[in-house]
Every structure is written in structure tokens, then in C-alpha cells.
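Protein chains: 2
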Amino acid sequence: MQISQAELDVMNVLWATPSLGAQEVFEALENQKDWNIRTVKTLLSRLVEKGAIATTPEGRRFLYRPVLKQKDYRAQVTTQFIDKVFSGKAAPLVAQLADAGDLTQEDINDLEKLLGELKK
Amino acid sequence: MQISQAELDVMNVLWATPSLGAQEVFEALENQKDWNIRTVKTLLSRLVEKGAIATTPEGRRFLYRPVLKQKDYRAQVTTQFIDKVFSGKAAPLVAQLADAGDLTQEDINDLEKLLGELKK
DNA sequence: TGCTATTGACCACACTTGTAGTCCATGGAT
DNA sequence: ATCCATGGACTACAAGTGTGGTCAATAGCA
Numbered sequence: 429m430q431i432s433q434a435e436l437d438v439m440n441v442l443w444a445t446p447s448l449g450a451q452e453v454f455e456a457l458e459n460q461k462d463w464n465i466r467t468v469k470t471l472l473s474r475l476v477e478k479g480a481i482a483t484t485p486e487g488r489r490f491l492y493r494p495v496l497k498q499k500d501y502r503a504q505v506t507t508q509f510i511d512k513v514f515s516g517k518a519a520p521l522v523a524q525l526a527d528a529g530d531l532t533q534e535d536i537n538d539l540e541k542l543l544g545e546l547k548k
Numbered sequence: 429m430q431i432s433q434a435e436l437d438v439m440n441v442l443w444a445t446p447s448l449g450a451q452e453v454f455e456a457l458e459n460q461k462d463w464n465i466r467t468v469k470t471l472l473s474r475l476v477e478k479g480a481i482a483t484t485p486e487g488r489r490f491l492y493r494p495v496l497k498q499k500d501y502r503a504q505v506t507t508q509f510i511d512k513v514f515s516g517k518a519a520p521l522v523a524q525l526a527d528a529g530d531l532t533q534e535d536i537n538d539l540e541k542l543l544g545e546l547k548k
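First to last, the protein sequences are chains A and B.
According to my numbering, numbering within the first sequence proceeds without interruption in unit steps and concludes at 548.
According to my numbering, numbering within the second sequence proceeds without interruption in unit steps and concludes at 548.
Structure follows, in C-alpha cells:
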């Protein structure tokens, strides 16, 4: 199931703090998103429907927690992204990053180390 | 302007062969997409509206050609993707690539070459 | 020369997404 | 005991998207 842009903003909050009520999620987003709390609640509900998060009753309200792991999500969407935009080949993506100056010297060093290991 | 998933499939054809009629675009996609030719035509029209491609009359039909360059598109969506999924940091994306085994042997070879150049 | 296949233009329609409004139950404040 | 603020459930509604149908013009074939 796809997670939409706005839903992802909510997921990011829950990945950072894995158990929150709707109000708290709303507050965590307040300074970056000019959303009504209803909007946040709708997004939470949709994420529950999609199975990306789950709820635990806590008194009168729900606590929301991620079910989908951020790592798994990243793996999934990265693969999809490379398939769609870079014809499934990762190297051109890295070339793009380099080209756009998105890679720091540290990134480059990490990559080298990584490649060394992959070649073993 | 956003280019949708299906629209991107069409763009990929035109980036590969930069001047085609609707029928030819349809044929180029036939083995990967089970689309009706009308679907392809709709997508072409929407891409024209969005300014991503342009037309040249050729006899009774149009030839479609990309206006948006693949390189520019890639740069744009890559930045967006990293912002959304990796909090704007490229390094974790690269780590993710390695981790998930998304790198083929070919990618690894390409990357080595790339790194050689980056270090110069 | 009339018919058919093809072309782009326009229309359709359900699903997703962004962005909330409305409703009903209830836990607390008075 | 009342009333209100807050919680989740359900509803709304326009824009974007996937997918294709209809239509009128016309180029080419029979």
C-alpha cells in the first residue's frame, strides 16, 4: 500500500517518537505544518487502515505506534524510486547525487569503504 | 508540476527516442504495460498540458518530443525524494542502497569508476 | 466515390489525496 | 447533576490520477 506525502509526515513523527496520541502528533507537526488537528486525525486513520500504524487504547484515547519500520519503508521506496526514475540502476543515482553536489566528502569515503566490503 | 507514475512511463519512452507519434509510443510500451492506446493518448495530452513535452504536426498526426530534460527531472525528483524519505541527507540513502543489496555487480563497477573520478 | 481505420479533442468515472466539517460519547470542571 | 472540551467515527469535496469511451475529421483502400 502506498503512503502519501502527508501521511509520510505523520509517519516521520511516529518513527521519531513511537507512541503518541493524536494531539501529540499534531503538536509535533505544528511548527512545520499548518494543519488542523482533524487533518492529522484523518491521516492517522488512513495510516491505520493501511496497516502502517496500530493503536493501543489508553484511557479515553488511542496511542498510535508504527508497525511499518522506517528501515523497511526506506528500502521499499528506494527500490521503487530507482526503478521508476533510474531504470533500476543505482549507479546513475549516485552519479546524480555526486553531480548535484549532494555528496559530502564523508559520504564519498563511506562509499569507498562500502565498495571495498562488497567486493570481498 | 508533478509528473505522475504513468506519465513517467511515457516520458521514459520519449527520453529514449525523442520524437514519436502516439501510436509509436503505444507500441514502445506494449510489452510492459497493458494499456489501451487511448490511455497513452490521454497521458500524452496531460504531459503536453503540463509542459513536459511538446508536439510538432507531421501530416495528419503529432510527433511528441520531450521539453523537460531527463537530467533536470532526475535532479529535481532526487532532491525531493531525499528530502521526503531521508530528511534531506544523502548519506543514509547510499547506506540504504548498500544495505539492501540493491547494487548489482555492474553498479559496483560503475560506482568504483565514479569514485575514482570524484577523488581526483 | 463511399467506407473504414486512425487521429486528436473532449468526456467519463472511480479511487486517492489534501484538507477539513459534523456527530456522538464521555471525562472533567463547576 | 450539567455542560463543555476532547476523542474517535463518519462524511465531504475538489484536484489529481489511472483507465478508457465517444466524436468528428480525414487519409487511404476497395
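We put the CB at the ideal spot given by N, CA and C, even for glycine.
The DSSP-derived three-state label of residue 480 of chain A is coil.
Note: residue 486 of chain B is bridge-paired with B:489 in the DSSP secondary-structure output.
DSSP places residue 518 of chain A in the uninterrupted alpha helix (DSSP H) bounded by 518-527. Collapsing the DSSP output to three states places residue 448 of chain B in a strand.
Under the Cβ criterion of 8 Å, residue 503 of chain A is counted among the residues facing chain B. Close CB contacts of residue 510 of chain A within its chain, under the 8 Å cut and outside five residues either way in sequence, are with 516, 517, 518 and 521 (chain order).
Going by beta carbons, residue 443 of chain A and residue 494 of chain A fall inside the 8 Å limit. Looking at the backbone, the Cα of residue 490 of chain A and that of residue 438 of chain A are separated by about 15 Å. No Cβ of chain A is located within less than 8 Å of the beta carbon of residue 511 of chain B. Nearest Cα to residue 441 of chain A within the set A:540, A:474, A:453 and A:466: A:453. With contacts defined as CB atoms closer than 8 Å, residue 475 of chain A and residue 540 of chain B fail to qualify as a contacting pair.
In its chain, beyond the 5 residues on either side, 438, 450, 453, 454 and 457 have a beta carbon closer than 8 Å to the beta carbon of residue 468 of chain A. Your pair residue 524 of chain B and residue 532 of chain A does not check out as a contact, with CB atoms roughly 16 Å apart and the cut at 8 Å.
Pairing residue 513 of chain A with residue 488 of chain B gives a Cβ-Cβ distance that is not under 8 Å. Using a Cβ-Cβ cut-off of 8 Å, residue 433 of chain B counts as an interface residue toward chain A, since at least one Cβ of chain A sits closer than that to its own. In this chain, the alpha helix (DSSP H) harbouring residue 510 of chain B covers 498-514. Exclusion of the five residues before and after residue 435 of chain B leaves 471, 474 and 475 as the residues of its chain whose Cβ lies within less than 7 Å of its Cβ. Linking residue 535 of chain A to residue 480 of chain B through their CA atoms gives a straight-line distance of about 33 Å.
Chain B has a Cβ within less than 8 Å of the Cβ of residue 543 of chain A.
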